[in-house]
Each structure stands twice: as structure tokens, then as C-alpha cells.
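Enquirer:
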Amino acid sequence: MHVREPEKNKNVKKSRVQRVREAYTRGDVETQKRLHSPDEIGKEPWHKTEQGKYIGQAVYGASDGIVTTFAAISGVAGASLDPKIALIIGLANLFADGLSMAIGDYLSEKSERDYLESERERETWEVEHIPEAEKLEVREIYKKKGLEGENLDKLVDAITSDKKIWVDTMLHEELGLFDDDSSPLKSALVTFFAFLVAGFMPLITYVFASQWEFLAQNQFLISCIITAITLFTVGALRQIVTGVKWFISGFEMLLIGGLSAGVAYLVGWILNVIFKISA
29 MHVREPEKNK NVKKSRVQRV REAYTRGDVE TQKRLHSPDE IGKEPWHKTE QGKYIGQAVY
89 GASDGIVTTF AAISGVAGAS LDPKIALIIG LANLFADGLS MAIGDYLSEK SERDYLESER
149 ERETWEVEHI PEAEKLEVRE IYKKKGLEGE NLDKLVDAIT SDKKIWVDTM LHEELGLFDD
209 DSSPLKSALV TFFAFLVAGF MPLITYVFAS QWEFLAQNQF LISCIITAIT LFTVGALRQI
269 VTGVKWFISG FEMLLIGGLS AGVAYLVGWI LNVIFKISA
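Take any residue in the sequence shown, count from 1 to its spot, add 28: that is its number in this note's numbering.
1) Looking at A292 and S102, is the spacing between their C-beta atoms short of 7 angstroms?
2) I'd like the span of the alpha helix (DSSP H) that includes R266, first residue to last.
3) Quick check on the burial criterion: 16 or more other C-beta atoms within 10 angstroms. Buried or exposed for E140?
4) Please check if any C-beta of chain C sits within less than 7 angstroms of the C-beta of V272.
5) Looking only at its chain, what residues have a beta carbon closer than 6 angstroms to the beta carbon of W274, apart from the 5 residues adjacent to it on each side?
6) Label I305 either buried or exposed according to how many other C-beta atoms from any shown protein chain fall within 10 Å of its C-beta, with 16 as the threshold for buried.
7) Which residue wins for smallest C-alpha separation from A256, given the options F279, T270 and V235?
8) By Cβ distance below 8 angstroms, which residues in the same chain neighbour P159 in space, the five residues on each side in sequence not counted?
9) Can you tell me which of the three DSSP states N246 falls into?
10) Note down, in chain order, each residue of its chain lying with its Cβ closer than 6 angstroms to the Cβ of A90, except the 5 sequence neighbours on either side.
11) Please confirm whether A86 and V235 have their CB atoms less than 7 angstroms apart.
12) To the nearest angstrom, report how far apart D208 and S215 are at their CA atoms.
13) Tell me which residues share the same chain as K171 and place their Cβ nearer than 8 angstroms to its Cβ, disregarding the 5 neighbours each side in the sequence.
14) Taking 6 angstroms as the cut-off, does the CB of N300 come closer than this to any heavy atom belonging to the ligand NAD?
15) Measure the alpha-carbon distance for L119 versus S146 and round it to whole angstroms.
16) If we count the other Cβ atoms within 10 Å of its Cβ and call it buried at 16 or more, is L135 buried or exposed?
17) What first and last residue would you give for the alpha helix (DSSP H) that runs through Q85?
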């Protein structure tokens, strides 16, 4: 395997986890080792930063916003309807769908948090009232992972010596639940505004068409160009969440958005042929 030179100081402002990912992608073993040293790990305010909590929602909201809005106006264009109809439908879709998505995100996040807290209360009660049974469960969990003998005894004793660690272990290992201190409301707002900003891109030419004749004459074409650029950009930003190479992620997003818009355009065209909508 080809190993490149260790990273330079230009990456010093990036988080440790971000630099670890980049080093892994480059095959930079020496930088990987350095970034996993006790000194480097000790400097980090553990893994999930405030902005990092919501980046997934932002990318998800932006992706959905631009795809659904562009699909809506593509259907109108396919049916050869007045561009003003595309603007009306596009804006209505933008705000209604964005709000619906944000509310759904809020309810989903809140439900998950409520469920987690209810399970935490139950596990805490069990640890306090039936500790021997809970200790046996911890033992069985790690026994199934292959631990045995003295190592198993030491691990079980260490975990059950601290109630919080004990309860967290039961939540993680027994129930597959992980605590997340992100705010459902903030998550919903991030989703909503990301949806609005990205979803507005396909509508720019329709909004300002009355100001420039060139825009008025080429509304859908220019909208396609702006949307393609935005789709690729949003897709490339998914690399922050997925770790996939930015150009691959960008082209994937462009393909998905283009396919959705193509289907919408085709449906609009077929309906116009059948029902003479634009006649």
C-alpha cells in the first residue's frame, strides 16, 4: 500500500476526528498514530461538537428541499403550463413540505428522547432494586462477546461499581440505545431552514423573471443549471456525514435529483398529452 507523507500544519484548525478521517483516506499511517496518541486525544472535547450534532439534519433537509421543489416545477414545465404556476406550486411546496419535514423531524427526535428517558428510568430502578439480576445480565452480555474467567469478573465488577456506567451499559448493550443531547427543536429548525434555502434555488429564475427578459425567456433552462450546481454542492457536502469522496457523493446527488425531475417532467408531459392541460 502506498503511504503518503504525514499531514502538515495546514490541518491544525480541523478537529482531531476530521484529521483522522482524512489521514485514513490518504493511507497516512504515521498521522493516524500521532492523532491517536494520549496527548492528541486528551486535547479533544470529546467527539461530537455543537455544530456536528446538526450537520446531518442540515444536509438531509437541503437534499430533500432541492429535489422535491425542482421535481414540482419540472412537472409543471413538462405539462407546458404558465411559469407562474410553477412559481406558485414551487413556493407552496417549499414552505408546506419544509414545515411538514421539520415537524416530522421534531416529533421523531422527541419520541426517541422520551423513549430513551423512560428506558433509563426503568434500568435505573432495576439496578437499584434487583442489582444481582442486573449484574448477571451484564455478565451474560460480555460472556457472549467472548470474555470469560478473571477478565470477565474484573470487567463486570468495574462496570457495576458505578451506577451511571452500569445503566448506560445496559442501555447500550442490552437495548441498543445511545444518549444524544441534541435538541429536537434545534434539529427541526436546522432541517426547516436548510430545506428552505436549498429548495429556493430552483425557484430563483421564476422569482426574478419579471426583472430580466433573459430570465423570463429561459426560466426552466436556467433553473436546471442552478439546480444542477446546487445538487452537486449539497451532495458533495454529504461527505462530511458519510465520509464518501465528495465528487462521488456530489454525482450521486445530481443523479438522484435529475432522475426525480425527469420522472416529474415526463408525468407532466404525458398528462398534458392526454388531458390537453395547456390547451
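Here a beta-carbon is modelled for each residue, glycine too, at the ideal position from N, C-alpha and C.
Expert: Working from what's here:
1) Numbered from 1 along the sequence shown, position 74 holds the residue referred to as residue 102. Numbered from 1 along the sequence shown, position 264 holds the residue referred to as residue 292. It is a contact, given that the beta carbons lie within the stated cut-off.
2) Along the sequence shown, read from residue 1 onward, the residue named residue 266 stands at position 238. Premise fails: R266 is in no alpha helix (DSSP H) and is neither H nor E.
3) Translated into positions along the sequence shown, residue 140 becomes position 112. Looking at its Cβ environment, which holds fewer than 16 other Cβ atoms inside 10 Å, E140 is exposed.
4) Of the chains in the structure shown, none is chain C; there is only one protein chain.
5) As a position in the sequence shown, residue 274 is number 246, starting the count at 1. These residues qualify, in order along the chain: A264 and Q267.
6) Here residue 305 is taken as the residue at index 277 of the sequence shown, counted from 1. That one is exposed.
7) Along the sequence shown, read from residue 1 onward, the residue named residue 256 stands at position 228. Nearest option by C-alpha distance: F279.
8) Position 131 of the sequence shown, counted from the start, is the residue given in the question as residue 159. If we look at P159 and ignore the five residues flanking it on each side, its Cβ neighbours are T188.
9) By 1-based counting over the sequence shown, the position of residue 246 is 218. Correct three-state label for N246: coil.
10) If you number the sequence shown from 1, residue 90 lands on position 62. A222, A226 and V262, listed in sequence order.
11) If you number the sequence shown from 1, residue 86 lands on position 58. If you number the sequence shown from 1, residue 235 lands on position 207. No, the pair does not count as a contact, with Cβ atoms beyond the cut-off.
12) Taking the sequence shown and counting its residues from 1, the one referred to as residue 208 is at position 180. Taking the sequence shown and counting its residues from 1, the one referred to as residue 215 is at position 187. Their Cα atoms are separated by approximately 12 angstroms.
13) Start at 1 with the first residue of the sequence shown, and residue 171 comes out as number 143. Residues L180 of the same chain have their beta carbon placed closer than 8 angstroms to that of K171, with the five preceding and five following residues left out of the count.
14) With respect to the ligand NAD, the structure shown offers nothing to examine, as it has no ligands at all.
15) One-based indexing of the sequence shown puts residue 119 at position 91. One-based indexing of the sequence shown puts residue 146 at position 118. Approximately 40 angstroms between the Cα atoms of the pair.
16) Locating residue 135 in the sequence shown gives position 107, where the first residue counts as 1. Answer is exposed; the Cβ neighbour count stays below 16.
17) In the sequence shown, the residue the question calls residue 85 occupies position 57. Unbroken alpha helix (DSSP H) run through Q85: I83 to G106.
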